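The structure appears right after this line, and notes come after that.
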Amino acid sequence: MNIDGWLLFEISLAGLGTGGLYALTALAFVIVYKATRVVNIAIGEMLMMGAYLFLAFSSTFLLPLWLAIPLAILASALMGGLIERTLIRPMMGEPPLSSFMVTVGLAPILIGLVELIWTADQQRLLEFFPSKPIVIGEAFVSPKVFYGFWIACVFITLVLVLFRYWRGGVALRATASDQAAAYSMGINVPKVFSMAWMLAGAIAGVAGIVVGSIGGLSSAMGVFGLSVLVVVIFGGLDSVLGTLVGGLFVGIIEALAGFYLGGEYKIIATFGLLVLILMVRPYGLFGTHEIERL
150 MNIDGWLLFE
160 ISLAGLGTGG
170 LYALTALAFV
180 IVYKATRVVN
190 IAIGEMLMMG
200 AYLFLAFSST
210 FLLPLWLAIP
220 LAILASALMG
230 GLIERTLIRP
240 MMGEPPLSSF
250 MVTVGLAPIL
260 IGLVELIWTA
270 DQQRLLEFFP
280 SKPIVIGEAF
290 VSPKVFYGFW
300 IACVFITLVL
310 VLFRYWRGGV
320 ALRATASDQA
330 AAYSMGINVP
340 KVFSMAWMLA
350 GAIAGVAGIV
360 VGSIGGLSSA
370 MGVFGLSVLV
380 VVIFGGLDSV
390 LGTLVGGLFV
400 GIIEALAGFY
410 LGGEYKIIAT
420 FGLLVLILMV
430 RPYGLFGTHE
440 IERL
């Protein structure tokens with residue numbers, strides 16, 4: 150089989166575009182896990198809510214884009230804080246499985262809320278990406294995918310800078326390393342938990358707006374979170390670097406499998422990769438290998 154180099158490059162670029170959004174959403178997942186040790190299985194549904202909140206501000210309330218986008222992100226952050234305060238904080242001190250099951254139950258609740266308010270019909274967001282085709286050599290890239298990738302890169306960089314230099318980011322890292330030590334140093338750990346969920350909600354809101362602008366809105370958008378879960382496990386539940394590498398890698402694998410094998414093989418390739426990494430490195434490529442002493 151002859152492989153067209155430019156075609157392969159074009160498919161890989163499309164995969165990188167999707168992978169950037171996977172990495173951005175996975176970053177929201179990892180922030181919550183590192184700070185609170187809660188596996189948030191509802192991250193895809195939080196992304197979906199961010200997209201629908203933008204739809205409400207831009208199409209229902211007819212606000213200009215420059216106002217609708219930040220309001221949707223802010224509302225997503227407040228949603229994250231509300232989830233932590235009402236559902237997650239009461240579970241502090243309980244077995245990790247209890248918090249995990251809360252997020253499992255949260256996912257259908259958010260789906261039902263969307264269907265009650267906006268119905269289950271697919272909807273479109275207002276177009277805000279440039280429509281001029283992106284051509285690199287002989288390869289064509291969808292403008293939405295191209296600009297979506299760079300938006301993901303900007304927000305990932307912004308979060309990493311906040312983690313490094315912002316006082317709240319330092320508190321997040323300290324709490325992630327050792328909650329008991331963070332308490333002893335005077336850090337308000339419950340407040341850090343809320344901050345982690347709010348930051349994750351804001352990031353999910355950004356990802357939801359971009360994903361919704363590319364593929365449209367529906368109550369099934371949460372399926373995006375399944376691939377994000379693969380990314381997180383592949384890279385490591387507690388590794389920011391792992392989310393970046395894993396997101397790009399999974400995006401490319403999905404794009405190649407979808408093109409050369411057929412769209413129905415994308416999910417097989419994604420979860421085949423998940424099974425493989427669990428068999429070889431159960432804690433992910435860059436995850437922390439915790440040693441239990443008996």
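Read in the working numbering, the sequence shown has 355 at position 206, and its numbers run on one by one without any break.
The beta carbon of each residue, even a glycine, is placed where N, CA and C say it ideally should be.
Small disclaimer: the values here were computed from a predicted structure and weren't measured.
Tell me the rounded alpha-carbon separation between residue i and residue j.
| i | j | result |
| --- | --- | --- |
| Ser248 | Ser280 | 43 Å |
| Gly374 | Trp155 | 30 Å |
| Gly317 | Val341 | 8 Å |
| Val389 | Val179 | 7 Å |
| Pro486 | Gly169 | Not covered by the structure: residue 486. The range shown for the chain is 150 to 443. |
| Thr419 | Lys183 | 24 Å |
| Glu413 | Val399 | 16 Å |
| Leu223 | Val310 | 19 Å |
| Ala217 | Val263 | 18 Å |
| Ile237 | Val381 | 21 Å |
| Gly286 | Leu405 | 20 Å |
| Met344 | Ile336 | 12 Å |
| Tyr147 | Tyr332 | What is shown of the chain runs 150 to 443, which leaves residue 147 out entirely. |
| Val290 | Thr167 | 12 Å |
| Gly396 | Glu403 | 11 Å |
| Ile160 | Val360 | 18 Å |
| Glu441 | Ala163 | Unreliable positioning characterises Glu441 in this predicted model, as indicated by a pLDDT of 47, which lies under 50. The coordinate reading is nonetheless provided below. Their backbone Cα atoms lie some 42 Å apart in a straight line. |
| Thr252 | Gly407 | 30 Å |
| Leu274 | Ser208 | 8 Å |
| Ser362 | Thr324 | 35 Å |
| Leu410 | Leu157 | 14 Å |
| Glu276 | Met334 | 48 Å |
| Val284 | Gly254 | 44 Å |
| Ser326 | Pro282 | 45 Å |
| Gln328 | Thr268 | 42 Å |
| Ala444 | Gly364 | Nothing can be reported for residue 444, as the shown portion of the chain is limited to 150 through 443. |
| Pro219 | Pro213 | 11 Å |
| Tyr314 | Thr306 | 12 Å |
| Ile401 | Phe298 | 13 Å |
| Leu321 | Leu425 | 32 Å |
| Val429 | Lys415 | 21 Å |
| Gly242 | Asp153 | 56 Å |
| Arg234 | Leu265 | 24 Å |
| Val308 | Asp270 | 34 Å |
What residue from the options has the CA that sits closest to residue i's CA?
| i | options | result |
| --- | --- | --- |
| Ala256 | Ser225, Glu194 and Met250 | Glu194 |
| Tyr201 | Thr437, Met228, Val188 and Val187 | Met228 |
| Ala369 | Val380, Met197 and Ser376 | Met197 |
| Pro244 | Ser362, Arg186, Ala351 and Ala269 | Arg186 |
| Leu366 | Ile260, Ile416, Asp153 and Arg430 | Ile260 |
| Leu423 | Gly407, Ile266, Leu397 and Phe383 | Phe383 |
| Ala191 | Phe203, Thr174 and Leu204 | Thr174 |
| Gly230 | Trp346, Thr252 and Leu397 | Trp346 |
| Leu176 | Ile402, Ile358, Ile352 and Leu214 | Ile352 |
| Pro239 | Leu397, Pro339, Gln328 and Ala288 | Pro339 |
| Ile300 | Leu321, Ile358 and Phe312 | Ile358 |
| Phe304 | Ile426, Ala356 and Phe158 | Ala356 |
| Pro431 | Pro282, Asp327, Val379 and Arg322 | Val379 |
| Ser376 | Thr306, Ile417 and Ala320 | Ile417 |
| Val294 | Leu165, Val429 and Gly242 | Leu165 |
| Leu393 | Cys302, Trp215, Asp270 and Ile232 | Cys302 |
| Ile258 | Ile232, Ala330 and Val319 | Ile232 |
So if DSSP puts residue i in a beta bridge, which residue, or which two residues, is it bridged to?
| i | result |
| --- | --- |
| Gln272 | Leu366 |
| Ile283 | Val290 |
If residue i and residue j are in contact, beta carbons under 8 Å, what's the gap, nearest whole angstrom?
| i | j | result |
| --- | --- | --- |
| Ala221 | Phe206 | 5 Å |
| Ala349 | Val188 | Between Val188 and Ala349 the Cβ distance is about 12 Å, and since that is not below 8 Å, they are no contact. |
| Tyr296 | Phe278 | 5 Å |
| Leu421 | Leu386 | The identity of residue 421 in the sequence shown is Gly, whereas the question assumes Leu. That belief does not hold up - the Cβ atoms of Gly421 and Leu386 are roughly 20 Å apart, past 8 Å. |
| Gln272 | Leu211 | Actually they are not in contact, since the Cβ atoms of Gln272 and Leu211 sit about 15 Å apart, beyond 8 Å. |
| Gly391 | Leu427 | Rounded, the Cβ-Cβ distance is 14 Å, inconsistent with contact. |
| Gly199 | Gly354 | 3 Å |
At a threshold of 7 Å, does residue i count as lining the ligand FMN (C-beta to nearest heavy atom)?
| i | result |
| --- | --- |
| Val360 | This structure does not include the ligand FMN; it has no bound ligands of any sort. |
- Query: What residue ranges within the region 171–215 form continuous alpha helix (DSSP H) runs of no fewer than 4 residues, ordered along the chain?
  - Reply: Within the region 171–215, the complete alpha helix (DSSP H) runs of at least 4 residues fall at 192–204.
- Message: To test your reading of the DSSP string, which unbroken alpha helix (DSSP H) runs of 4 or more residues are found completely within the region 364–422?
- Response: If one requires a minimum length of 4 residues, the alpha helix (DSSP H) runs lying completely within the region 364–422 are 373–384 and 389–409, in chain order.
- Curious, which full-length alpha helix (DSSP H) runs of at least 4 residues does the region 317–358 contain? Annotation note: the region 317–358 contains the following uninterrupted alpha helix (DSSP H) runs of length 4 or greater, listed N- to C-terminal: 328–333.
- Query: What are the complete beta strand (DSSP E) segments, minimum 3 residues, inside the region 216–279?
  - Reply: Runs found: none.
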